[in-house]
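Report on one structure; see the data block that follows.
Protein chains: 2
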Amino acid sequence: MYSADEIQIIINNKFKSLIFDGEPIELYAPISYTLGIGGKRIRPNLLLMACDMFGGNVELASDTAIGLELFHNFTLIHDDIMDNAPLRRGKDTVYKKWNSNIAILSGDTMFALAYKQVIKTKTPYLQKILEAFTKTAIEVCEGQQLDLNFESLNGISIKEYLEMIRLKTAVLIGASLKIGAIIAGANDNDTANIYKFGENIGLAFQLKDDFLDAFGDENKFGKKTGGDIVSNKKTYLYLKAYEIADEQLRKVLSDYYKNSFDNINQQQKIDAVKAIYIQTKVNNHIEKEMNAYYQQAINYINKISLPDSKKEIIINFSNTLMNRDI
Amino acid sequence: MYSADEIQIIINNKFKSLIFDGEPIELYAPISYTLGIGGKRIRPNLLLMACDMFGGNVELASDTAIGLELFHNFTLIHDDIMDNAPLRRGKDTVYKKWNSNIAILSGDTMFALAYKQVIKTKTPYLQKILEAFTKTAIEVCEGQQLDLNFESLNGISIKEYLEMIRLKTAVLIGASLKIGAIIAGANDNDTANIYKFGENIGLAFQLKDDFLDAFGDENKFGKKTGGDIVSNKKTYLYLKAYEIADEQLRKVLSDYYKNSFDNINQQQKIDAVKAIYIQTKVNNHIEKEMNAYYQQAINYINKISLPDSKKEIIINFSNTLMNRDI
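Chains G and X are the protein sequences, given in the same order. Quick note: the first sequence uses our numbering, first residue 1, plus one each step. Quick note: the second sequence uses our numbering, first residue 1001, plus one each step.
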């Protein structure tokens, strides 16, 4: 089996071998730019680790692995238009650096390029792989639409929020692992279990993101905390605090989320909302929820008909992501 | 073999059987709406006719045929955002009826749904089909980007214009026929020739569109002519007129295309530009070009190793589209 470092090297080399220098340049420059900014490449890592775990050919699966990363990056390009987000990973977003039209169209192209990568893999399971990938692509769109809807909705339940992040984030983690397993020829039971492992880990990852956005160490985090609070994002922390708060505190919380603040008062807003989070002890709640998803994930991977030693790399990789402070 | 009417019925029934009523509604309502507005369904018709011509299973191919129509409609939804187009087929465009975000995201979903349809077809040629489809999807994006670029560029040559419409329109016509042939198990030579037939017919169709937009019979056309002139679209007619015109006439033409006009003066602009088209006899040129592409198309279909009787339905269908006055 490959070590995590070896898998990462395979992915990096594969990315280096892909050159997106087609014409017209307006279409391909944003694609190169987006992929050049980096990212943790979580999805292709998981895909190849799952493929390797089930004894599949990692080199063969690497085209599909890259395809899932292209898909993920396509969704980021389009999401950034919809969210009016000027920055991603500290750099200008595509729509900001170029314009919305170029962001729409280079995103569309990247979506097609994702399929181009996925279908490169010579495998008897192509239809199954594409069914999993396409179902997930549709779900990710549904998740993003729910996220947009929630911006202007009040009274979203935590259950609804969790369903939104399941669709927007977790299913693609699950599908990456599942597709790796399918390429390796894993049986349906194992394939379903690795998917559920990924889905639950994905939910835990997203809750970790919510937590870090408010309570991350700014020095390690590399950016200021409180971004979700500034943009009035109704994360798990906000919804749970609102659930726990008494009427008076609820009013304070929702008033902060109703208004936009200038730069000076933004810090005051962040501090005030975080104080409510601490007062309502929502960090305990999110930690409990996160651990519950993590434990669910472990339950699913335990069901897989392979010796524990084969599962170590994926579990360790997931632990690293769970325990990250950035 | 199926008649053209029978093929149309198969497509209509297939569309009726598909219900896009998923959640969230904001994502699926625009998809139902777009498909409900109609259209000539040229691409699925051609796909099934090609499949039938080569002796394939038309029922089996119908899912893929619908997939190509979904793809085409996805591109229209996104193009309408980029072009600020308020109307399509006499109805509000998606971005106008809802908003840009919903148009971006329901378009993305429709792109994924197109793949969902294409991969439904049980065939040993799935990889080949997807290679053709995905290559075409990328080319259509490239064509749209060129079209956007041309808006603000002067000195576009007719050659560049033809390459743009080849990518934006013709390759998808070619791919529809090619994919129908692949599903039927046609050999590589025949598949390549039916593609080239479609590509050339597609170019002829687009030139016909350019012609009708300026010189169509308004009563039959169902809309006012001159839309391309109002929106300063550098079509074949414009570029050819500019090529032929002397310096003085060129200045008149490019001045008309530099400015926007209010409603009253729009008609004056249309009349003036059309008068230049007539003066420079560009309608003769476009007809010649159209016929040359049509003849090329016929040359390619003639090379296909099937009796002429098998080719009649596709040729007749293409003739109808070539001779349309709407």
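Just so it is clear, CB atoms sit at the ideal spot from N, CA and C, and this is done for glycine as well.
At what residues does the alpha helix (DSSP H) containing G/Asp79 begin and finish? Residue 79 of chain G sits at position 79 when you count from the first residue of the first sequence. That run of the alpha helix (DSSP H) goes Val58 to Met82.
May I have a chain-ordered list of the alpha helix (DSSP H) segments no shorter than 4 residues that lie completely inside the segment 77-138 of chain G? 94-97 and 100-118
Measuring straight from C-alpha to C-alpha, what distance separates X/Gly1107 and G/Ser309? By one-based count along the second sequence, residue 1107 of chain X stands at place 107. By one-based count along the first sequence, residue 309 of chain G stands at place 309. When rounded, the distance between both Cα atoms is 44 Å.
Under the three-state reduction of DSSP, which class applies to X/Arg1041: helix, strand or coil? Position 41 of the second sequence, counted from the first residue, corresponds to residue 1041 of chain X. Reduced to three states, the DSSP call for X/Arg1041 is coil.
Suppose only complete runs of 4+ residues qualify. What are the alpha helix (DSSP H) ranges in the segment 1266-1311 of chain X, listed by chain order? 1282-1302
When burial is assigned at 16 or more other CB atoms within 10 Å of the CB, is X/Gln1144 buried or exposed? Counting from 1 along the second sequence, the entry for residue 1144 of chain X is found at position 144. Buried is the call here.
Run down chain G in chain order and give the residues with a C-beta less than 9 Å from the C-beta of X/Lys1096. Within the second sequence, residue 1096 of chain X is the residue found at index 96, counting from 1. Those do not exist, as X/Lys1096 stays about 16 Å from chain G at its closest Cβ, beyond 9 Å.
Under a three-way DSSP split, which group does X/Pro1024 fall into? As a working mapping, residue 1024 of chain X is identified with position 24 in the second sequence. The answer is coil: DSSP assigns X/Pro1024 none of H, G, I, E or B.
Does the pairing of the segment 1086-1100 of chain X with the segment 109-116 of chain G give three or more beta-carbon distances under 8 Å? no
Would the beta-carbon of X/Glu1069 fall within 7 Å of that of X/Pro1030? For the purposes of this step, residue 1069 of chain X is taken as residue 69 along the second sequence, with counting starting at 1. For the purposes of this step, residue 1030 of chain X is taken as residue 30 along the second sequence, with counting starting at 1. In this structure, X/Pro1030 does not lie closer than 7 Å to X/Glu1069 by Cβ.
How about the segment 286-303 of chain G and the segment 247-262 of chain G: do they share at least three Cβ pairs that are nearer than 8 Å? no
Using 10 angstroms around the beta-carbon of G/Ala50, count the other beta-carbons present and answer buried if the total reaches 16, otherwise exposed. For the purposes of this step, residue 50 of chain G is identified with residue 50 of the first sequence, where counting begins at 1. G/Ala50 comes out buried.
Does X/Pro1328 have its Cβ less than 7 Å from a Cβ in chain G? Here chain X has residues from 1001 to 1326 only, and residue 1328 of chain X is not among them.
Do the CB positions of X/Gln1127 and G/Ile119 come within less than 7 Å of each other? Position 127 of the second sequence, counted from the first residue, corresponds to residue 1127 of chain X. Position 119 of the first sequence, counted from the first residue, corresponds to residue 119 of chain G. Yes, these two residues count as a Cβ contact at 7 Å.
X/Ile1165, enclosing alpha helix (DSSP H) - first and last residue: In the second sequence, residue 1165 of chain X corresponds to position 165, counting from 1. Segment Ile1158 to Ile1165, the alpha helix (DSSP H) holding X/Ile1165.
Label G/Ala275 either buried or exposed according to how many other C-beta atoms from any shown protein chain fall within 10 Å of its C-beta, with 16 as the threshold for buried. Position 275 of the first sequence, counted from the first residue, corresponds to residue 275 of chain G. Answer is exposed; the Cβ neighbour count stays below 16.
Would you list, in chain order, the members of the segment 1161-1179 of chain X that have their beta-carbon closer than 8 Å to a beta-carbon of chain G? none
Between X/Ser1305 and X/Asn1319, what straight-line distance do the alpha-carbon atoms span, to the nearest angstrom? Taking the first residue of the second sequence as 1, we reach residue 1305 of chain X at position 305. Taking the first residue of the second sequence as 1, we reach residue 1319 of chain X at position 319. Roughly 21 Å between the two C-alpha positions.
Where does X/Lys1240 sit, in a helix, a strand or coil, going by DSSP? Within the second sequence, numbered from 1, the residue matching residue 1240 of chain X stands at position 240. Reduced to three states, the DSSP call for X/Lys1240 is helix.
In this structure, does DSSP put G/Asn259 in helix, strand or coil? Taking the first residue of the first sequence as position 1, residue 259 of chain G is located at position 259. Coil.
Please confirm if X/Leu1130 has its CB atom under 7 Å from at least one CB of chain G. Position 130 of the second sequence holds residue 1130 of chain X. It does: the Cβ of X/Leu1130 has a partner Cβ on chain G nearer than 7 Å.
Taking the C-alpha atoms as reference points, what is the distance between G/Asn101 and X/Lys1281? Here the question's residue 101 of chain G lines up with position 101 in the first sequence. Here the question's residue 1281 of chain X lines up with position 281 in the second sequence. Roughly 36 Å between the two C-alpha positions.
When you check each C-beta in the segment 1265-1279 of chain X against every C-beta of chain G, which residues fall closer than 9 Å? none
For chain X, find out if any of its Cβ atoms is closer than 7 Å to the Cβ of G/Thr109; answer yes or no. Within the first sequence, residue 109 of chain G is the residue found at index 109, counting from 1. Yes - at least one Cβ of chain X is within 7 Å of the one on G/Thr109.
Just to check my reading of the structure: G/Val58 and G/Leu46 have Cβ atoms closer than 8 Å, yes? What is that Cβ distance to the nearest angstrom? Translated into the one-based positions of the first sequence, residue 58 of chain G becomes position 58. Translated into the one-based positions of the first sequence, residue 46 of chain G becomes position 46. Rounded, the Cβ-Cβ distance is 12 Å, inconsistent with contact.
Does X/Ala1192 come out as helix, strand or coil in the three-state DSSP assignment? Within the second sequence, numbered from 1, the residue matching residue 1192 of chain X stands at position 192. Helix.
Any C-beta of chain X within less than 7 Å: which residues of the segment 121-147 of chain G qualify? Leu126, Gln127, Leu130, Glu131, Thr134, Ala137, Ile138, Cys141, Glu142, Gln144, Gln145 and Leu146
Which value, in whole angstroms, describes the spacing of the CA atoms of G/Ala137 and G/Arg166? Counting from 1 along the first sequence, the entry for residue 137 of chain G is found at position 137. Counting from 1 along the first sequence, the entry for residue 166 of chain G is found at position 166. Cα-Cα distance, rounded: 13 Å.
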